[in-house]
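To convert, take the position in the sequence shown, counting from 1, and add 75; that gives our numbering.
We put the CB at the ideal spot given by N, CA and C, even for glycine.
Quantities reported herein were computed from a predicted structural model and do not represent experimental measurements.
Report on the structure given below.
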Amino acid sequence: MISEFRFVVPGPPQSKGRPRVFRNPSGKGMHGVTPKKTKDAENRVYSTFITKYPDAQPFTGDVEVALAFWMPDRTGKDWDNLAKLATDALNGVAYVDDKQIMKATVRKILPDKRVQGKRGMRNRKAGDPLTHDGVPYQAHTHIYISEISQIGKEQWQ
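What follows is the structure in structure tokens.
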């Protein structure tokens with residue numbers, strides 16, 4: 076039985092978008108529509124998981140997650156919206172429901188502000204390769220999920 080899932084989702088991390096809310100045609104009640112960009116990004120996370128773990132059964136107990144978002148730029152995406160998209164996308168496949176997440180570690184890795192130029196260090200410009208601490212990378216997301224054992228739970232008390 077698998078005790079952990081580890082995988083990498085290629086491509087730029089995406090924040091969970093807010094649903095647009097519309098009045099029902101009958102005039103009674105409202106309904107929300109998830110943005111296409113959010114649906115596509117959730118599908119990318121889901122598909123990556125299913126490809127790596129095609130026969131996996133979702134965890135049924137408490138879980139912990141670690142997420143590392145290697146960003147394509149320094150724009151201000153909130154870590155919680157990045158994490159929400161990833162954890163929602165894995166409902167029903169990595170765990171039964173994301174309410175099972177009892178511990179989460181989230182990290183956003185931003186590209187360096189300054190890069191090596193022809194005459195020394197200079198400010199990053201559009202089109203420069205992505206680097207973090209001088210090491211090149213491609214935008215992606217690392218996801219780690221494990222079921223929390225009773226021993227792990229006792230460490231929190």
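Cα-Cα separation, residue i to residue j
i	j	result
Pro147	Pro211	11 Å
Thr180	Trp145	14 Å
Val96	Lys178	31 Å
Val140	Tyr219	6 Å
Asp155	Gly209	27 Å
Pro133	Tyr121	13 Å
Pro87	Arg189	20 Å
Thr109	Asn99	15 Å
Gly195	Arg149	21 Å
Ile226	Leu142	Below a pLDDT of 50, predicted positions are generally treated as unreliable, and Ile226, at 48, falls in that range; the measurement from the model is reported next regardless. Rounded to the nearest angstrom, the two C-alpha atoms are 22 Å apart.
Lys193	His207	19 Å
Gly167	Met105	26 Å
Val115	Ala161	A quick correction: the sequence has Asp, not Val, at residue 115. Taking the straight line joining both Cα atoms gives about 12 Å.
Gln213	Lys111	23 Å
Lys103	Gly151	37 Å
Status (buried if at least 16 other CB within 10 Å, exposed otherwise) for residue i
i	result
Gln175	buried
Gln191	exposed
Thr126	exposed
Glu117	buried
Ala201	exposed
Pro204	exposed
Thr135	exposed
Thr113	buried
Option in the options with minimal Cα separation from residue i
i	options	result
His217	Asp153, Gly209, Lys183	Lys183
Phe82	Asn99, Lys178, Pro129	Pro129
His215	Arg197, Asp155, Leu165, Arg119	Arg119
Gly92	Gly86, Pro100, Lys159	Lys159
Glu79	Gly107, Asp115, Ala131, Met105	Ala131
Beta-carbon gap between residue i and residue j smaller than 8 Å
i	j	result
Leu157	Ser221	no
Ile223	Asp137	yes
Val84	Thr123	yes
Ser163	Asp173	It is worth fixing the name first, because residue 163 is Asp in this sequence and not Ser. Result yes, Cβ atoms of Asp163 and Asp173 sit closer than 8 Å.
Pro186	Arg199	yes
*Uninterrupted beta strand (DSSP E) stretches inside the segment 170-224 (no shorter than 3 residues)*: Within the segment 170-224, the complete beta strand (DSSP E) runs of at least 3 residues are 176-184, 189-192, 195-198, 215-222.
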